[in-house]
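Colleague:
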Amino acid sequence: MFANMDGRVDEPGFGTRPAWIVVLVALGLGQAATTLTLFSPDRSWRPLCDERPIVSGRHPLHFYHGILGAQSWKAGRFGAAYDPAFQAGYPKTPIFDSGSRPAELFLLIGGNRAAAYKIGLAVCCLIVPFVFAGGARLLGQGPGTSCLTAALAQLAWWSGPVQKLLEQGNIDWLLAGQTVFLHAALLVRYHHGAGVRIWCGLLLTAIFGWFCHPILWIGFAVLFVPFYLAVALQHSGFWNLALWAAWCGGAAANLGWLLDWLRFCWISLPIGNAASESLSELADWWASDVWGSGPDRLLAITLLGGGFAGAVVLLRRKQTAAALALGASALVLPLLSAGSNYWKPLESVGVAKLLVLGIAFATAPCATAVTAALQRIHQLVRNPAATIVAALCLFGGFAVPLRHHLRDIATQSARARTLPIGLNDEQQTLIQVLKTNTNSGGRILFEDRMHAGSLWTALLPMYSDRCYLGGLGMDPGVEHVFARLTSHSLAERPLAEWTDSELERFCRRYNVSHVVCWSPDALTRFHNWSGCEPAEPVREKGDGWLFHVKQPASFILKGKARVSQIDSNRIALNDVEPEDGQVVLSLHYQDGWRVSPSYVQIEPEPDPYDPIPLMRLRVTSPVMRLTLTWEGE
Numbered sequence: 304m305f306a307n308m309d310g311r312v313d314e315p316g317f318g319t320r321p322a323w324i325v326v327l328v329a330l331g332l333g334q335a336a337t338t339l340t341l342f343s344p345d346r347s348w349r350p351l352c353d354e355r356p357i358v359s360g361r362h363p364l365h366f367y368h369g370i371l372g373a374q375s376w377k378a379g380r381f382g383a384a385y386d387p388a389f390q391a392g393y394p395k396t397p398i399f400d401s402g403s404r405p406a407e408l409f410l411l412i413g414g415n416r417a418a419a420y421k422i423g424l425a426v427c428c429l430i431v432p433f434v435f436a437g438g439a440r441l442l443g444q445g446p447g448t449s450c451l452t453a454a455l456a457q458l459a460w461w462s463g464p465v466q467k468l469l470e471q472g473n474i475d476w477l478l479a480g481q482t483v484f485l486h487a488a489l490l491v492r493y494h495h496g497a498g499v500r501i502w503c504g505l506l507l508t509a510i511f512g513w514f515c516h517p518i519l520w521i522g523f524a525v526l527f528v529p530f531y532l533a534v535a536l537q538h539s540g541f542w543n544l545a546l547w548a549a550w551c552g553g554a555a556a557n558l559g560w561l562l563d564w565l566r567f568c569w570i571s572l573p574i575g576n577a578a579s580e581s582l583s584e585l586a587d588w589w590a591s592d593v594w595g596s597g598p599d600r601l602l603a604i605t606l607l608g609g610g611f612a613g614a615v616v617l618l619r620r621k622q623t624a625a626a627l628a629l630g631a632s633a634l635v636l637p638l639l640s641a642g643s644n645y646w647k648p649l650e651s652v653g654v655a656k657l658l659v660l661g662i663a664f665a666t667a668p669c670a671t672a673v674t675a676a677l678q679r680i681h682q683l684v685r686n687p688a689a690t691i692v693a694a695l696c697l698f699g700g701f702a703v704p705l706r707h708h709l710r711d712i713a714t715q716s717a718r719a720r721t722l723p724i725g726l727n728d729e730q731q732t733l734i735q736v737l738k739t740n741t742n743s744g745g746r747i748l749f750e751d752r753m754h755a756g757s758l759w760t761a762l763l764p765m766y767s768d769r770c771y772l773g774g775l776g777m778d779p780g781v782e783h784v785f786a787r788l789t790s791h792s793l794a795e796r797p798l799a800e801w802t803d804s805e806l807e808r809f810c811r812r813y814n815v816s817h818v819v820c821w822s823p824d825a826l827t828r829f830h831n832w833s834g835c836e837p838a839e840p841v842r843e844k845g846d847g848w849l850f851h852v853k854q855p856a857s858f859i860l861k862g863k864a865r866v867s868q869i870d871s872n873r874i875a876l877n878d879v880e881p882e883d884g885q886v887v888l889s890l891h892y893q894d895g896w897r898v899s900p901s902y903v904q905i906e907p908e909p910d911p912y913d914p915i916p917l918m919r920l921r922v923t924s925p926v927m928r929l930t931l932t933w934e935g936e
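In short: position in the sequence shown from 1, add 303, done, that's this note's numbering.
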């Protein structure tokens, strides 16, 4: 054992008790075995390493934007990109699908492959026992308590609420949660004994925390104000300066994309998926499925209750810093989850996410409480064998009446719910129909549906090599989705109000050459429009039709040009002939374009209905080749 600067004594580490290393390795192997069941029920490596994407929740959207973001990082643009494949062009920025940042990291390291994304997700799961065991050691706990912390964290990780977040694709929140926990433990260690290695750990976790989830990191800063006020005055100015240097260094390392985040805030719209979790009353929160099933509820209550008891133990031991950093967080976060309906910023985060984070913070103090209870029993009976017997009797008294719940907890911790991987037969057939019956000269107006779960349609441009209006989901959260079709409306206007001539102008403006309809209202309206004709029946979770629009397709609305390239890297036009000195493109305008030749000017072409203007080029004379590259600045 060794003493810190304040006299607090740490427990011996793994080096002096190597048997606990075996326990930690066993926990890691168990975590690996359960992680494999995320991708294959028979724990096969093949689904993890093949090129089939995960298609549940927002995983397809994260994968698609991860590819765009990784390409942008390689080009020095901090993850931002202009994507012409959806919505007549939109900026893929930190505001739109902020959860894709971990995917960008996975694909930047492993290449633009579905396997890289899946392996990255697997690594997020594999590190759980080591992150929490390491955090417990940083708090000064012994190897036994550290292993218990890791085991409790694994039980929480495979509980229903966390598995639901995994299925939905909330990798950014889960990674950021682990990072915040580790950073909190490093803060406690820094308080008790500052050193270069601890400071570097603070800096690295701050960098990664900002990268994964800046909103959570800002919230973490607010949550830790009491901790800072309680410990900062005990230290020198240099200690405080170094701590702020680590915190500011984390933000500075992410400054490039954080500036994009601030710059594109104006395009953000409220997102409905988090709000759908909002609960009107505290009783609704308690009775809701946010807690998961009965076994999940038992586990959560046990960990939170144990976390409270552990915070009391830490305070009695005069470990105020650890009690404030972890115990208080384990208490406050569930309260914030319960009160999220009463404050809009918390509601936008999500009820389940706050509760899960609170449970994660409760694991270390809960393990401390269990260890303290065992130590107290040993002090009373003063015999190791009697201590074990007494502990087993106490556990048996708790476990026997709850044995069915405990069995379910053990089962779900050994076998996760397998994520759906790869497109099904209907989806593959639909893609083949689109490739066969359409061409890349025009866009496909794709009706968005209220499907719970998968956003697999975000992968349509990758597999069909076509451009789309629609397909990014019902709540994409940016203004650029104005021009889309839903079951009752087109461009946020009831379908029944659209005249034939207005439909024709809409399809011309957005270069719509084909329409995919699913709902009865949309099918009826386009069947009755003489400007299109049924081309092919389609099926995917219901029957629909592919319609062909009877007008020439062109991305050039004014003037003449031949499009030779249109992707996230550049837009290239050949044989450009302006009309009245202008060429208007069926692409949304966005700041940050660089045009070659440099004398060509680019400016917005306003639309009275679409909140985002189209792109207008000022060209004084014909040009053999004109190239637009989005720099994002």
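Using N, Cα and C, we set each Cβ at its ideal position, and we do this for glycine too.
As an exercise, report each continuous alpha helix (DSSP H) stretch of at least 4 residues that is fully enclosed by the segment 737 to 771, in chain order.
Modeller: Counting whole runs of 4 or more residues, the segment 737 to 771 contains the alpha helix (DSSP H) stretches 763 to 767.
Colleague: Check for me: the alpha helix (DSSP H) holding Leu607 runs from which residue to which?
Modeller: Position 304 of the sequence shown holds residue 607. Gly597 to Arg619 is the span of the alpha helix (DSSP H), which, as asked, contains Leu607.
Colleague: In chain order, what residues of the same chain have a beta carbon less than 6 Å from the beta carbon of Phe511, not counting five sequence neighbours either side?
Modeller: Locating residue 511 in the sequence shown gives position 208, counting from the first residue. For Phe511, where only same-chain residues beyond five positions count, the Cβ hits under 6 Å are Thr482.
Colleague: Tell me the residue span of the beta strand (DSSP E) that contains Tyr813.
Modeller: For the purposes of this step, residue 813 is taken as the residue at position 510 of the sequence shown. Where Tyr813 is concerned, there is no enclosing beta strand (DSSP E), given that its DSSP letter is neither H nor E.
Colleague: How far does the alpha helix (DSSP H) with Leu532 in it extend, from its first residue to its last?
Modeller: Indexing the sequence shown from 1 puts residue 532 at position 229. Where Leu532 is concerned, the enclosing alpha helix (DSSP H) stretches over Val528 to Ala535.
Colleague: On the criterion of 16 or more Cβ atoms from any shown chain inside 10 Å, does Cys551 qualify as buried, or is it exposed?
Modeller: Position 248 of the sequence shown, counting from 1, holds the residue named residue 551. So Cys551 counts as exposed.
Colleague: Can you give, in chain order, each stretch of the alpha helix (DSSP H) that sits fully within the segment 665 to 737 and has at least 4 residues?
Modeller: Those alpha helix (DSSP H) runs which fall completely within the segment 665 to 737 and span 4+ residues are 687 to 702 and 706 to 717.
Colleague: For Tyr385, which of helix, strand or coil comes out of DSSP?
Modeller: Along the sequence shown, read from residue 1 onward, the residue named residue 385 stands at position 82. Tyr385 falls in the strand class under three-state DSSP.
Colleague: Could you tell me which residues DSSP pairs with Lys256 in its beta bridges?
Modeller: Here the chain comprises residues numbered 304 to 936, so residue 256 is not present and cannot be evaluated.
Colleague: Whose CA, out of Gln334, Val358 and Arg320, lies closest to the CA of Phe727?
Modeller: Position 424 of the sequence shown, counted from the start, is the residue given in the question as residue 727. Correcting the residue type first, residue 727 is Asn in the shown sequence and not Phe. Of the candidates Gln334, Val358 and Arg320, the one whose C-alpha sits nearest the C-alpha of Asn727 is Val358.
Colleague: Could you give the distance in angstroms between the alpha-carbon of Leu758 and the alpha-carbon of Gly360?
Modeller: Residue 758 sits at position 455 when you count from the first residue of the sequence shown. Residue 360 sits at position 57 when you count from the first residue of the sequence shown. Distance between the alpha carbons of Leu758 and Gly360: 6 Å.
Colleague: With DSSP collapsed to three states, give me the class of Ile874.
Modeller: Taking the first residue of the sequence shown as 1, we reach residue 874 at position 571. Reduced to three states, the DSSP call for Ile874 is strand.
Colleague: Taking the straight line between their C-alpha atoms, what separation do you get for Asn877 and Tyr813?
Modeller: Indexing the sequence shown from 1 puts residue 877 at position 574. Indexing the sequence shown from 1 puts residue 813 at position 510. When rounded, the distance between both Cα atoms is 20 Å.
Colleague: Counting only the same chain and skipping the five closest in sequence on each side, list residues whose C-beta sits under 7 Å from that of Leu562.
Modeller: As a position in the sequence shown, residue 562 is number 259, starting the count at 1. Excluding positions up to five away in sequence, the list is empty.
Colleague: Inspect the beta-carbon positions of Gly884 and Val922 and report whether they are closer than 8 Å.
Modeller: Residue numbering aside, residue 884 sits at position 581 when the sequence shown is read from its first letter. Residue numbering aside, residue 922 sits at position 619 when the sequence shown is read from its first letter. Closer than 8 Å, so yes.
Colleague: Which residues in the same chain have their Cβ closer than 6 Å to the Cβ of His368, if we skip the five residues on either side of it in sequence?
Modeller: Here residue 368 refers to the residue found at position 65 of the sequence shown. Correct list, in chain order: Lys395, Asp400 and Ser403.
Colleague: Considering only residues of the same chain and omitting the five flanking positions on each side of Pro432, which have a CB-CB separation below 6 Å?
Modeller: On the sequence shown, residue 432 is found 129 positions in, with the first residue counted as 1. Leu330, Gly331, Gln334, Ala453 and Gln457.
Colleague: Below 8 Å on the Cβ atoms is my contact criterion, and I expect Ala614 with Ala626 to pass it. Report the Cβ-Cβ distance as a whole number of Å.
Modeller: In the sequence shown, residue 614 corresponds to position 311, counting from 1. In the sequence shown, residue 626 corresponds to position 323, counting from 1. Ala614 to Ala626, Cβ: 5 Å. Contact.
Colleague: Using the beta-carbon count (16 or more within 10 Å), is Phe541 buried or exposed?
Modeller: If you number the sequence shown from 1, residue 541 lands on position 238. Exposed.
Colleague: Pairing CB atoms from the segment 816 to 833 with CB atoms from the segment 786 to 804, are three or more of them under 8 Å?
Modeller: Because the criterion of three Cβ pairs below 8 Å is met, the segment 816 to 833 and the segment 786 to 804 touch.
Colleague: Which residue or residues does DSSP assign as beta-bridge partners of Gly847?
Modeller: Counted from its first residue, the sequence shown places residue 847 at position 544. Answer by DSSP bridge pairing, in chain order: Val841.
Colleague: Check the C-beta distance from Ala459 over to Ile712 and give it rounded, since I have them as a contact under 8 Å.
Modeller: Position 156 of the sequence shown, counted from the first residue, corresponds to residue 459. Position 409 of the sequence shown, counted from the first residue, corresponds to residue 712. No, Ala459 and Ile712 are not in contact; Cβ-Cβ is about 10 Å, not under 8 Å.
Colleague: Drop a sphere of 10 angstroms on the beta-carbon of Trp476, count the other beta-carbons inside from all chains shown, and report buried for 16 or more, exposed for fewer.
Modeller: Here residue 476 is taken as the residue at index 173 of the sequence shown, counted from 1. Looking at its Cβ environment, which holds 16 or more other Cβ atoms inside 10 Å, Trp476 is buried.
Colleague: Under 8 Å between the Cβ atoms of Val841 and Trp848?
Modeller: In the sequence shown, residue 841 corresponds to position 538, counting from 1. In the sequence shown, residue 848 corresponds to position 545, counting from 1. Yes, Cβ-Cβ distance for Val841 and Trp848 is below 8 Å.
Colleague: Compute the Euclidean distance between the alpha carbons of Gly610 and Asp592, then round it to the nearest angstrom.
Modeller: Translated into positions along the sequence shown, residue 610 becomes position 307. Translated into positions along the sequence shown, residue 592 becomes position 289. Distance between the alpha carbons of Gly610 and Asp592 is about 22 Å.
Colleague: Evaluate Phe698 with the Cβ neighbour count: other Cβ atoms within 10 Å of its Cβ, from every protein chain shown; 16 or more gives buried, anything less gives exposed.
Modeller: Taking the first residue of the sequence shown as position 1, residue 698 is located at position 395. Looking at its Cβ environment, which holds fewer than 16 other Cβ atoms inside 10 Å, Phe698 is exposed.
Colleague: Which value, in whole angstroms, describes the spacing of the CA atoms of Trp896 and Gly522?
Modeller: Against the sequence shown, residue 896 aligns to sequence position 593. Against the sequence shown, residue 522 aligns to sequence position 219. One C-alpha to the other measures close to 35 Å.
Colleague: Pull up the DSSP beta-bridge partners for Tyr393, would you.
Modeller: Sequence index remark: in the sequence shown, residue 393 carries index 90 (1-based). DSSP output for Tyr393 lists Asp386 as bridge partner(s).
Colleague: CA-CA distance, Ser343 and Pro350?
Modeller: Start at 1 with the first residue of the sequence shown, and residue 343 comes out as number 40. Start at 1 with the first residue of the sequence shown, and residue 350 comes out as number 47. Spanning the two alpha carbons is a distance of roughly 6 Å.
Colleague: If the criterion is Cβ atoms closer than 8 Å, does the pair Leu468 and Val654 meet it?
Modeller: In the sequence shown, counting from the first residue as 1, residue 468 sits at position 165. In the sequence shown, counting from the first residue as 1, residue 654 sits at position 351. Contact flag unset, no.
Colleague: May I have a chain-ordered list of the alpha helix (DSSP H) segments no shorter than 4 residues that lie completely inside the segment 403 to 484?
Modeller: DSSP runs (the alpha helix (DSSP H)) wholly in the segment 403 to 484: 404 to 413, 417 to 429, 431 to 441, 446 to 460 and 463 to 471.
Colleague: Taking Ala694 as the reference, give the member of Leu709, Thr674, Gly443 and Ile430 with the closest Cα.
Modeller: Your numbering for residue 694 matches position 391 in the sequence shown. Nearest C-alpha to Ala694: Thr674.
Colleague: Contact criterion: CB-CB distance below 8 Å. Does Ile518 meet it with respect to chain C?
Modeller: The structure shown has no chain C; it contains just one protein chain.
Colleague: Where DSSP assigns a beta bridge to Ser792, which residues make up the other side?
Modeller: Taking the first residue of the sequence shown as position 1, residue 792 is located at position 489. Answer is Pro797, bridged to Ser792.
Colleague: With 16 as the cutoff for other CB atoms within 10 Å, does Trp547 come out buried or exposed?
Modeller: Counted from its first residue, the sequence shown places residue 547 at position 244. Exposed: under 16 other Cβ atoms inside 10 Å.
Colleague: Does the distance from the C-beta atom of Val491 to that of Leu536 stay below 8 Å?
Modeller: Numbered from 1 along the sequence shown, position 188 holds the residue referred to as residue 491. Numbered from 1 along the sequence shown, position 233 holds the residue referred to as residue 536. Not in contact: Val491 and Leu536 (Cβ atoms no closer than 8 Å).
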